[in-house]
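Numbering (my numbering), first residue to last: -13 to 242.
For glycine and all other residues, C-beta sits at the position ideal for the given N, C-alpha and C.
Fair warning: this is a prediction, and the values are worked out from it, not measured in the lab.
Okay, here's the thing in structure tokens:
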């Protein structure tokens, strides 16, 4: 017992502490060295994207659902009553008639292609000239309006998300010329209790020109007042009767 006490008494504790610290530090510094990066480490071969054949000219891509083929409104119905869509089909297009129409099928996220033309006869000003609308999920309006040399409030002109976002530019063609909308839409998501989780977002190209760049939709379109989300699932595309003979053609959609 006495010998042990003598040993402990004569230990050089500062030197031992330094030695232990050095040993611990050395052990901590022995971190595995990652292998050298090579190109193959960031190349992923699976899953392989499926093949979609793009359309030539006005033709839709191979996986599109044709909503109007130039011949009939068989994919559409009258809004509300659910009867046949009563708008007139002629020469590969159809013209706004009495009452809104809506697709028979419902959609969530999608890419929508739609072409429209303002009336041949230029009448009215502001919102009274070539007015219609494309309602995404029957709630969120992309404005259709003859905005060629026709001043109106900016968040109500062609290419606007009506009363919410003005278009970045006015890309309108002359009356009688066809306008093209390509719309990429992400539907809103809702929590189990019905409250909003993520809002809807939309990108719009008007005649190939970006006019809405992934903007956040604030809620259903309102003519008066502020929008407020209410939970919903998939819903149809609707076209508005605003009393003007706007024509539509070549409508197709791709679910995303």
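Across the structure, residue 199 and residue 43 are spaced so that their CA atoms are roughly 25 Å apart.
By the C-beta criterion, the stretch 118 to 131 is judged to be in contact with the stretch 221 to 229, since at least 3 inter-stretch pairs fall below 8 Å. In the DSSP assignment, residue 133 is bridged to no other residue. Our two residues, residue 206 and residue 124, have alpha carbons roughly 9 Å apart in a direct line. In this structure, residue 70 and residue 63 form a Cβ contact; the two beta carbons are roughly 7 Å apart against a cut-off of 8 Å. Cβ neighbours of residue 54 within its own chain (closer than 6 Å, five residues either side excluded): 237.
Apart from the 5 residues on each side of it in sequence, residue 214 sits with its Cβ closer than 8 Å to the Cβ of 205 and 206 in its chain, given in chain order. The beta-carbon distance between residue 136 and residue 111, rounded to whole angstroms, is 6 Å. This is short enough to meet the 8 Å contact definition. Annotated three-state conformation of residue 202 is strand, per DSSP. Residue 197 is positioned such that its CB atom lies closer than 8 Å to that of residue 154. Residue 82 and residue 218 have their alpha carbons spaced roughly 27 Å apart.
Contact between residue 98 and residue 239 holds: CB atoms are separated by about 5 Å, below the 8 Å threshold.
By the Cβ-count criterion, residue 73 is buried, with 16 or more other Cβ atoms from all chains shown falling within 10 Å of its own Cβ. According to DSSP, residue 187 shares a beta bridge with 172 and 202. Around the beta carbon of residue 132, 16 or more other beta carbons sit within 10 angstroms, so the residue counts as buried.
Residue 101 is positioned such that its CB atom lies no closer than 8 Å to that of residue 187.
In the DSSP assignment, residue 34 falls outside any beta strand (DSSP E) and carries neither an H nor an E. Annotation: the continuous beta strand (DSSP E) that includes residue 99 extends over 96 to 103.
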